[in-house]
Ligand SMILES: Nc1ncnc2c1ncn2[C@@H]1O[C@H](COP(=O)(O)OP(=O)(O)OP(=O)(O)O)[C@@H](O)[C@H]1O
Ligand SMILES: [Mg+2]
């Protein structure tokens with residue numbers, strides 16, 4: 001696994017919010033088939049980088065390439081259609097739809113069942129088998145008909161992963177997929193991520209460092225919008241600057 | 001605006017859907033016998049406005065977009081239909097089709113320009129564009145300015161049935177109304193409608209799943225405009241008249257009022273709201289009370305006391321009891 005074959009690269013990525021530079025000259029290269037972690041203290045700019053990569057925010061400068069194609073000016077829905085799909089830090093479900101319906105919404109588009117306004121919504125029942133399979137994998141099979149708003153936070157995260165996986169993306173960006181989960185669930189989702197990463201690439205923001213150590217091939221550390229270090233977990237965790245950043249001691 | 005459109009998303013127990021179905025059947029049966037007891041023109045007026053409000057509700061209730069310019073589609077179609085049957089001598093059904101197509105075309109233009117804006121900006125753009133259309137109607141020769149298009153012949157449906165017969169006209173309007181409402185019902189409960197619901201629930205999430213949400217919104221906007229046009233064209237045939245009243249901003253306000261009063265995001269709400277407002281207008285103008293003042297007052301009371309509207313509150317109460 002080398003960066004010789006990156007699926008996604010960002011060069012000189014910068015984002016300014018009215019004078020405040022949230023992301024500063026970030027270079028990233030995500031190797032195809034790897035699990036890549038993006039870590040850093042709160043406010044380091046991890047979510048902003050995700051927003052830039054998935055085009056939910058326009059970069060102030062810099063370029064993004066996905067599989068050799070320049071996607072710097074591509075619209076977010078188109079990015080998703082190319083196979084680069086994200087989840088959100090603040091759980092993003094369709095709250096009044098049932099757990100099953102949440103996944104069906106994601107399945108509708110790839111199955112060509114999204115624009116038909118003249119047919120009964122019953123045709124969507126054909127998606128149930130696949131949706132239930134996806135929900136089984138995140139242990140939500142017993143919540144199929146519960147409105148998403150009514151399940152626990154950890155389960156919402158799991159639902160979000162199942163919904164994202166429904167698109168069978170080539171590159172997944174997961175923003176703190178395990179936040180708010182208990183130990184057991186963390187183990188299950190970690191195993192799931194390892195399993196799904198067999199034939200796709202995963203970039204994840206994660207605060208739980210033992211998960212990162214366990215799961216990720218490569219780690220990029222962000223601090224105040226800049227890349228502080230990059231390498232394997234062992235390399236990065238040995239870096240004194242990273243330790244300092246994580247101890248919370250601020251530079252003068 | 002978010003508060004106004006919250007209600008539609010409430011999940012409803014299945015028993016309530018069955019109740020709704022039976023009530024719709026009863027209402028339909030009543031509408032079939034009604035013209036033998038009540039003045040048909042009055043009923044037809046209600047049906048036209050009810051369809052208009054249902055079309056408007058498709059957008060505000062199920063997509064969450066508050067258009068302030070729907071008069072353009074309603075009144076515009078009235079002009080198109082009136083002109084095609086009166087000047088071009090076309091049959092009423094072709095005239096209606098032209099009205100619907102014209103309204104859809106207008107909807108495409110207005111929607112395209114407005115859809116990228118959120119919230120109040122969306123409403124303002126629809127208002128501004130519909131005002132522009134109003135001035136076009138005021139100036140264009142074919143609308144005959146202040147006079148409007150008068151003496152529109154109702155003609156013969158499919159060249160056979162004379163619509164000058166009040167009952168024939170009434171049942172034609174009833175069929176159009178039912179077809180329009182069924183179309184809306186189908187759209188809302190279709191795969192497409194499901195995506196509209198998802199967009200309303202969480203737009204960024206829908207985008208991240210690869211949905212080009214602007215196109216879905218535009219699609220719904222055009223459908224809503226076309227159905228509003230169907231209502232407007234029908235009204236022109238019923239009253240044999242197309243005037244500036246129907247393209248004025250007050251008409252856009254009226255349809256908002258009807259929908260809000262009846263219940264946004266419910267199938268029956270706009271119908272109830274339209275029936276109520278039209279009835280009130282008729283009685284009040286007979287008695288000589290300033291209509292707008294009273295309707296404004298009712299509007300305020302409604303917004304303050306039952307924000308879900310009449311049908312919305314009823315559904316809410318019943319589904320709470322069903323739990
Ligand atoms: N839309 C915005 N407007 C202004 N400032 C923003 C905006 N979005 C993010 N920021 C700022 O950019 C910085 C980076 O935020 P970001 O959410 O990317 O951090 P993060 O690394 O994801 O943090 P966390 O671990 O808390 O999720 C923060 O200081 C934040 O306040
Ligand atoms: Mg974040």
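Chains as they are written, first to last, in the working numbering: chain A, 1 to 252; chain B, 1 to 323. The beta-carbon is built from N, C-alpha and C at its ideal position, and this holds for glycine as well. On a predicted model such as this, the values are computed, not experimentally measured, just so you know.
Item                                                                                                                                                                   : Value
Quick one, which of 234/B, 138/B, 320/B has its alpha-carbon nearest residue 92/B's?                                                                                   : 234/B
Taking contact to mean at least 3 C-beta pairs separated by less than 8 Å, is the segment 119 to 131 of chain B in contact with the segment 69 to 88 of chain B?       : yes
At the level of alpha carbons, what is the spacing between residue 100/A and residue 242/B?                                                                            : 49 Å
Can we count residue 223/A as close to ligand 2, meaning its CB is less than 7 Å from some heavy atom?                                                                 : no
Return the CA-CA distance between residue 127/B and residue 59/B, expressed in angstroms with no decimal places.                                                       : 15 Å
Do residue 258/B and residue 274/B count as a contact pair if the criterion is CB distance below 8 Å?                                                                  : yes
Among residues of its own chain, excluding the 5 on either side of residue 41/A, which ones have a beta-carbon nearer than 8 Å to its beta-carbon?                     : 223, 245, 246, 248
Counting beta carbon pairs with one atom in the segment 197 to 210 of chain A and one in the segment 35 to 55 of chain A, are three or more of them shorter than 8 Å?  : yes
Roughly how many angstroms separate the alpha carbons of residue 187/B and residue 204/B, rounded to a whole number?                                                   : 22 Å
What residue ranges within the segment 50 to 102 of chain A form continuous beta strand (DSSP E) runs of no fewer than 3 residues, ordered along the chain?            : 61 to 66, 84 to 86
Going along the segment 180 to 214 of chain B in order, which residues come within less than 8 Å of chain E, judged by CB to CB distance?                              : As a matter of chain content, chain E is missing from the structure shown, whose protein chains are A and B.
Output, in sequence order along the chain, the residues in the segment 119 to 144 of chain A whose CB is closer than 8 Å to any CB in chain B.                         : 119, 120, 121, 123, 124
What is the rounded straight-line gap between the Cα of residue 86/B and the Cα of residue 261/B?                                                                      : 36 Å
For residue 129/B, which residues of its own chain have a beta-carbon under 8 Å away from its beta-carbon, when the five flanking residues on both sides are left out? : 69, 72, 109, 110, 113, 114
Would the C-beta of residue 217/A count as close to ligand 2, meaning under 7 Å from any of its heavy atoms?                                                           : no
If you measure from each residue's Cβ to the nearest non-hydrogen atom of ligand 2, which ones come out under 7 Å, in chain order?                                     : 46/A, 47/A, 89/A, 175/A, 176/A, 205/A
How would you write the range of the alpha helix (DSSP H) that residue 139/B sits in, first residue to last?                                                           : 119 to 139
Nearest by alpha-carbon distance to residue 178/B: which of 17/B, 28/B, 23/B is it?                                                                                    : 28/B
Tell me which residues share the same chain as residue 320/B and place their Cβ nearer than 8 Å to its Cβ, disregarding the 5 neighbours each side in the sequence.    : none
Less than 7 Å between the CB of residue 17/A and some heavy atom of ligand 1, yes or no?                                                                               : yes
Let's see if you can read the secondary structure: which residues bound the alpha helix (DSSP H) around residue 29/A?                                                  : That residue, residue 29/A, is in no alpha helix (DSSP H); its beta strand (DSSP E) goes 20 to 31.
So, are the CB atoms of residue 116/A and residue 191/B less than 8 Å apart?                                                                                           : yes
Rounded to whole angstroms, what's the CA-CA distance from residue 283/B to residue 26/B? Just pull it up for me.                                                      : 25 Å
What residues are listed by DSSP as bridge partners for residue 162/B?                                                                                                 : 156/B
If you reduce the DSSP assignment to three classes, tell me which class residue 144/B lands in.                                                                        : coil
Could you tell me the boundaries of the alpha helix (DSSP H) in which residue 204/B lies?                                                                              : 203 to 208
Please determine whether the Cβ atom of residue 263/B lies at a distance below 7 Å from any heavy atom of ligand 1.                                                    : no
Reducing DSSP to helix, strand and coil, say where residue 25/B ends up.                                                                                               : helix
Using only the alpha-carbon positions, how far apart do residue 164/B and residue 238/B sit?                                                                           : 9 Å
Against chain B, with Cβ distances strictly below 8 Å, would residue 50/A count as a contact?                                                                          : no
Under DSSP, the beta strand (DSSP E) around residue 123/A begins and ends at which residues?                                                                           : Run containing residue 123/A: none; DSSP gives neither H nor E here.
How long is the line joining the alpha carbons of residue 228/A and residue 234/A, rounded to whole angstroms?                                                         : 15 Å
Anything in chain B within Cβ reach of residue 105/A, meaning under 8 Å, just list it in chain order.                                                                  : 194, 195, 198, 206, 209
Tell me which residues share the same chain as residue 268/B and place their Cβ nearer than 6 Å to its Cβ, disregarding the 5 neighbours each side in the sequence.    : 311
When you measure from the CB of residue 20/A to every non-hydrogen atom of ligand 3, does any distance come out below 7 Å?                                             : Within the structure as shown, ligand 3 is missing, the only ligands being ligand 1 and ligand 2.
Quick check: the Cα distance between residue 305/B and residue 191/A, rounded to an integer number of angstroms?                                                       : 52 Å
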